[in-house]
Amino acid sequence: MKKTPGPIMLFLLLCIGLLAIFPLVGDDFYTELITKIMILSIFTISLDLLIGFTGLISFGHAAFFGIGAYFLAIFFQDAEQINYWWALTLTLSGTALASLIVGWICIRTSGIYFIMLTLAFAQMFFYFFFESPHFGGDDGIFISSKPDLSIAAEELVDLGNEHHFYYFVLTWMVAVYLFLSMVLRAPFGYILVAIKANEQRVRALGYSTQYYKLVSFVIAGTIAGLAGFLEAAHTSFVTPAYLSWHESGIAIMMVVLGGMGTLFGAVIGTFAVVFLQDLLPAITDHWQIIMGGIVIAIVLFLPNGIAGALYSLHALLNKKGLAKADADD
Amino acid sequence: MTDSILRTERLSKHFGGLRAVDNLSISFERRKVHAILGPNGAGKTTLINLLSGELQPSSGHIYYEGQEITNHTPEKTARIGIGRSYQKTNIFTQFTCLQNCWIGAQTMLRTSMRFFLPASRLRQVRMQAEKALESCGLTEKMNHAASSLSYGEQRQLEIAMMLSTGPELLLLDEPLAGMGSEESTAVVGLLRELAKERTLILIEHDMDAVFAVADTLTVMVNGAELETGSVEQIRSSPEVQDAYLGHRDRTER
Numbered sequence: 354m355k356k357t358p359g360p361i362m363l364f365l366l367l368c369i370g371l372l373a374i375f376p377l378v379g380d381d382f383y384t385e386l387i388t389k390i391m392i393l394s395i396f397t398i399s400l401d402l403l404i405g406f407t408g409l410i411s412f413g414h415a416a417f418f419g420i421g422a423y424f425l426a427i428f429f430q431d432a433e434q435i436n437y438w439w440a441l442t443l444t445l446s447g448t449a450l451a452s453l454i455v456g457w458i459c460i461r462t463s464g465i466y467f468i469m470l471t472l473a474f475a476q477m478f479f480y481f482f483f484e485s486p487h488f489g490g491d492d493g494i495f496i497s498s499k500p501d502l503s504i505a506a507e508e509l510v511d512l513g514n515e516h517h518f519y520y521f522v523l524t525w526m527v528a529v530y531l532f533l534s535m536v537l538r539a540p541f542g543y544i545l546v547a548i549k550a551n552e553q554r555v556r557a558l559g560y561s562t563q564y565y566k567l568v569s570f571v572i573a574g575t576i577a578g579l580a581g582f583l584e585a586a587h588t589s590f591v592t593p594a595y596l597s598w599h600e601s602g603i604a605i606m607m608v609v610l611g612g613m614g615t616l617f618g619a620v621i622g623t624f625a626v627v628f629l630q631d632l633l634p635a636i637t638d639h640w641q642i643i644m645g646g647i648v649i650a651i652v653l654f655l656p657n658g659i660a661g662a663l664y665s666l667h668a669l670l671n672k673k674g675l676a677k678a679d680a681d682d
Numbered sequence: 029m030t031d032s033i034l035r036t037e038r039l040s041k042h043f044g045g046l047r048a049v050d051n052l053s054i055s056f057e058r059r060k061v062h063a064i065l066g067p068n069g070a071g072k073t074t075l076i077n078l079l080s081g082e083l084q085p086s087s088g089h090i091y092y093e094g095q096e097i098t099n100h101t102p103e104k105t106a107r108i109g110i111g112r113s114y115q116k117t118n119i120f121t122q123f124t125c126l127q128n129c130w131i132g133a134q135t136m137l138r139t140s141m142r143f144f145l146p147a148s149r150l151r152q153v154r155m156q157a158e159k160a161l162e163s164c165g166l167t168e169k170m171n172h173a174a175s176s177l178s179y180g181e182q183r184q185l186e187i188a189m190m191l192s193t194g195p196e197l198l199l200l201d202e203p204l205a206g207m208g209s210e211e212s213t214a215v216v217g218l219l220r221e222l223a224k225e226r227t228l229i230l231i232e233h234d235m236d237a238v239f240a241v242a243d244t245l246t247v248m249v250n251g252a253e254l255e256t257g258s259v260e261q262i263r264s265s266p267e268v269q270d271a272y273l274g275h276r277d278r279t280e281r
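Read top to bottom, the protein sequences are chains A and B. Position 229, counted from 1, in the first sequence is what this note's numbering calls 582; the numbers after and before it change by one each time, with no gaps. Position 109, counted from 1, in the second sequence is what this note's numbering calls 137; the numbers after and before it change by one each time, with no gaps.
Right under this line is the structure:
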């Protein structure tokens with residue numbers, strides 16, 4: 354419900370601008386890494402809808418990421434040509450259905466029970482793929498071709514081209530951010546934020562909060578499925594590890610470090626965590642200890658995450674600006 | 029027969045061995061202020077929770093406008109026009125006052141499952157939320173965070189939130205609790221104003237306020253109805269004197 358202040362909006366636009374020119378100047382290794390981060394960001398933004406806006410702490414969100422990836426892999430592993438539109442529609446409807454079923458059950462609980470149930474479902478899906486010989490088992494599945502993004506036989510983007518894929522994912526990330534911003538500004542979003550603040554009161558005012566939570570869960574699950582689809586298309590490979598609870602846990606960490614309830618904070622958190630995972634091992638073998646220290650420090654000193662720090666900085670500068678204006682009078 | 033809007037029939041709520049509400053049959057008349065009195069633990073708040081759907085009765089029935097609503101959920105009860113306020117302030121503390129009432133006012137939409145247009149464009153909702161704030165004297169605090177309000181103002185916001193849904197019947201659980209005398213006077217005035225167009229069911233310990241606004245009084249003791257009548261009847265009833273008002277007199281004098 355709170356508006357993003359102008360300067361922060363400007364900062365975000367600047368970041369998008371930097372991302373847009375990066376492949377032109379940066380090297381290919383980092384172009385590919387950032388593609389991966391942006392796909393993960395789509396996943397963590399969707400988790401922020403649950404954690405930061407609806408107050409549902411899902412510890413099994415990676416399940417939908419994995420299910421999205423597997424939908425592409427299972428139906429198109431041997432296809433010589435993958436019709437992007439058809440594959441995307443199938444994947445999104447499949448993950449929407451999966452999150453509807455899981456959500457319908459989990460939403461009946463709250464607090465620690467909700468966390469446990471989402472975790473249990475994710476583990477079920479994980480072992481389902483891990484132990485099923487038809488779906489590749491623990492080896493996973495290779496996909497032999499890239500989705501073909503064409504309209505009327507005209508290829509729009511060559512998804513086999515790393516640079517094209519980068520811009521394709523960047524577009525999706527911005528689109529998902531804008532979509533969720535829109536949803537959160539709409540009447541539906543107001544109710545979600547109120548549910549997070551005080552669910553019992555929202556019920557007393559006349560809302561069937563269960564349905565709102567369920568719809569939020571399905572939206573988040575479907576977007577996670579989209580991220581999984583992109584990841585599978587990017588690497589041409591899926592593995593049960595996509596659904597593991599490690600992935601769910603790291604995603605929560607990314608959202609919390611970046612700042613819950615801001616959407617863009619999830620993206621910042623994802624970039625921060627992946628870059629740290631990339632940079633720290635070069636410094637020391639015991640980088641996990643440093644990583645843990647950084648997480649603890651951010652949680653203790655920046656309780657609202659990196660995005661929260663940006664907001665505080667903005668408020669501080671504003672106050673200084675006002676003080677200066679007063680002094681000038 | 030009088031024009032009853034809400035009626036309970038042999039309504040009971042037991043918590044284990046405790047009969048919090050015991051075999052209560054009361055009829056609440058339309059456009060009247062019906063106050064519920066009784067010592068602490070008499071089951072007044074339990075009764076309100078049963079009427080608002082927040083508790084399910086152990087036995088008995090509740091009828092609203094002739095329809096049975098005994099097993100309605102809180103959201104269903106609110107949707108048919110029964111609003112409530114809480115004894116313990118129950119607001120969205122990190123929201124502004126306007127946002128608090130906005131959530132209530134948005135119930136005027138058939139559904140809030142709307143995903144595309146910004147909610148801020150809903151003029152009708154804004155007007156209803158602002159009207160609710162205005163009637164509770166909070167217009168100036170509209171954009172203040174609820175957490176920054178004084179205790180009395182938060183109590184007023186509690187009532188404003190209830191009004192923002194545009195209810196026909198109001199369940200007020202100690203609306204004056206903890207208010208200063210000036211705020212109290214303002215809220216008593218507001219209750220009088222509300223009573224012109226709506227039905228009020230009121231729990232309140234402030235006797236002066238109750239006698240000033242109530243048309244009918246019910247005295248409850250140990251979950252059961254002791255007596256129901258007009259202000260005069262209750263004031264002069266020896267049983268009530270003994271069970272409730274009497275105690276009060278003795279301790280105060």
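Beta carbons: idealized from backbone N, C-alpha and C, even for Gly.
### Task
Quick one: using the 10 Å Cβ neighbour count with 16 as the cut-off for buried, is LEU34/B buried or exposed?
Its Cβ being crowded by 16 or more others within 10 Å, LEU34/B is buried.
### Task
Indicate the three-state DSSP secondary structure (helix, strand or coil) for LEU653/A in the structure shown.
In the three-state reduction of the DSSP assignment, LEU653/A falls in the helix class, which pools H, G and I.
### Query
Should THR193/B be listed as close to the ligand NAD, given that the test is whether its C-beta is under 8 Å from any heavy atom?
The ligand NAD is not part of this structure, which contains no ligands at all.
#### Entry: DSSP three-state assignment for ASP43/B, whether helix, strand or coil
Here residue 43/B is Phe; the residue named in the question, Asp, does not match the sequence. Reduced to three states, the DSSP call for PHE43/B is strand.
### Message
So if I threshold CB-CB distances at 8 Å, which residues from the segment 507 to 535 of chain A count as touching chain B?
### Response
With the criterion set as a beta carbon lying under 8 Å from some beta carbon of chain B, the members of the segment 507 to 535 of chain A are MET535, in sequence order.
### Query
Among the residues of its own chain, which have a CB less than 7 Å from the CB of LEU377/A, if the five just before and after it don't count?
There are no such residues.
### Query
When you compare only the Cα positions, how much space is there between ALA723/A and SER399/A?
Because chain A in this structure spans residues 354 to 682, residue 723/A falls outside the shown range and cannot be described.
### Message
With DSSP as the reference, identify every bridge partner of VAL61/B, one or two as the case may be.
### Response
According to DSSP, VAL61/B bridges with LEU228/B.
### Query
Between LEU166/B and the rest of its own chain, which residues show a CB-CB distance below 7 Å, the 5 nearest in sequence each way excluded?
Short of 7 Å from the beta carbon of LEU166/B, and not among the five residues preceding or following it, lie these beta carbons of its own chain, in chain order: CYS125, GLU181, GLN184, LEU185, ALA188.
### Message
Can you tell me whether TRP299/A is buried or exposed? The criterion is at least 16 other CB atoms within 10 Å of its CB, across all chains shown.
### Response
Nothing can be reported for residue 299/A: it is not among the residues displayed for chain A, which extend from 354 to 682.
### Task
Could you tell me which chain A residues have their CB closer than 8 Å to the CB of GLU196/B, listed as they occur along the chain?
Here the premise fails: no neighbours, minimum Cβ distance about 13 Å.
### Task
Using a Cβ cut-off of 9 Å (strictly closer), state whether GLY542/A contacts chain B.
Among the residues facing chain B, GLY542/A is included, as its CB has a counterpart in that chain under 9 Å away.
### Message
Taking the straight line between their C-alpha atoms, what separation do you get for THR623/A and ASP401/A?
### Response
Between the alpha carbons of THR623/A and ASP401/A lies a gap of roughly 12 Å.
### Message
Is there a Cβ of chain A sitting closer than 9 Å to that of ARG278/B, yes or no?
### Response
Any reading at ARG278/B needs caution, since the residue's pLDDT is 46, under 50, leaving its predicted position unreliable; the model's value is listed next. No, no contact with chain A.
### Task
Pull out every residue of the segment 129 to 161 of chain B whose Cβ sits closer than 9 Å to any Cβ of chain A, in chain order.
For the segment 129 to 161 of chain B, the residues whose beta carbon sits under 9 Å from a beta carbon of chain A are, in order, TRP130, ILE131, GLY132, GLN134, THR135, LEU137, THR139, SER140, MET141, ARG142, PHE143, PHE144, LEU145, PRO146, ALA147, SER148, LEU150, VAL153.
### Query
At least one CB of chain B closer than 9 Å to the CB of LEU579/A: is that the case?
It does not; no Cβ of chain B falls within 9 Å.
#### Entry: Option in LEU219/B, ILE231/B, GLY194/B, LYS224/B with minimal Cα separation from ALA205/B
Selected option, being the one with the closest Cα: ILE231/B.
### Query
Using the C-alpha atoms, what's the distance from ALA662/A back to THR121/B?
THR121/B and ALA662/A: Cα-Cα distance of roughly 22 Å.
#### Entry: Beta-bridge pairing of THR592/A - partner residues as DSSP gives them
Under the DSSP definition of a beta bridge, THR592/A lacks any partner.
### Message
I need the boundaries of the beta strand (DSSP E) containing GLY88/B, first residue and last residue.
### Response
Segment 87 to 92, the beta strand (DSSP E) holding GLY88/B.
### Query
DSSP state of PHE481/A, grouped into three classes?
For PHE481/A, the secondary structure class from DSSP, reduced to helix, strand or coil, is helix.
### Query
What is the rounded straight-line gap between the Cα of LYS549/A and the Cα of ALA373/A?
The alpha-carbon of LYS549/A is positioned some 35 Å away from that of ALA373/A.
### Query
Which residues does DSSP pair with THR244/B in a beta bridge?
In DSSP, THR244/B forms a bridge with HIS62/B.
### Query
Taking the alpha-carbon positions, what's the ALA415/A to ALA539/A distance?
Taking the straight line from one Cα to the other gives about 27 Å.
### Message
Using a Cβ-Cβ distance cut-off of 9 Å, determine whether GLY405/A contacts chain B.
### Response
Judged by the 9 Å Cβ criterion, GLY405/A is not in contact with chain B.
### Query
From this set, ASP50/B, GLU202/B, ARG151/B, ALA173/B, which residue's C-alpha is nearest GLN115/B's C-alpha?
Closest by alpha carbon: GLU202/B.
### Query
Just the Cα atoms here: how many angstroms apart are ALA505/A and ILE435/A?
Going by the C-alpha atoms only, they are around 15 Å apart.
### Local conformation of THR462/A per DSSP, three classes
Under the three-state reduction of DSSP, THR462/A is assigned to coil, being neither helix nor strand.
### chain A within 9 Å of PRO102/B, Cβ atoms only
Interface with chain A (9 Å Cβ-Cβ cutoff): PRO102/B is included.
### Task
Quick one: measure Cβ to Cβ for VAL591/A and ALA426/A, integer angstroms, because I've assumed they're closer than 8 Å.
Contact between VAL591/A and ALA426/A is confirmed by a C-beta separation of about 4 Å, below the 8 Å threshold.
#### Entry: Given MET248/B as reference, the closest of GLU260/B, GLU267/B, ASP234/B, ASP31/B once Cα atoms are compared
Measuring from the Cα of MET248/B, the nearest candidate turns out to be GLU267/B.
### Task
Give the range of the alpha helix (DSSP H) segment to which ILE76/B is assigned.
Note, ILE76/B: alpha helix (DSSP H), 72 to 79.
### Query
Between LEU629/A and the rest of its own chain, which residues show a CB-CB distance below 7 Å, the 5 nearest in sequence each way excluded?
Result list for LEU629/A: MET644, ILE647, in chain order.
### Task
Give a yes or no on whether the C-beta atoms belonging to VAL620/A and GLY614/A are separated by under 9 Å.
Cβ distance not < 9 Å, so VAL620/A and GLY614/A don't count as in contact.
#### Entry: DSSP bridge partner residues for VAL49/B (one or two, in chain order)
Partner residues in the beta bridge of VAL49/B, as assigned by DSSP, are LYS41/B.
#### Entry: Chain-ordered chain A contacts of ARG107/B [CB-CB under 8 Å]
What ARG107/B touches in chain A, judged by beta-carbon distance under 8 Å, is GLY559, going in chain order.
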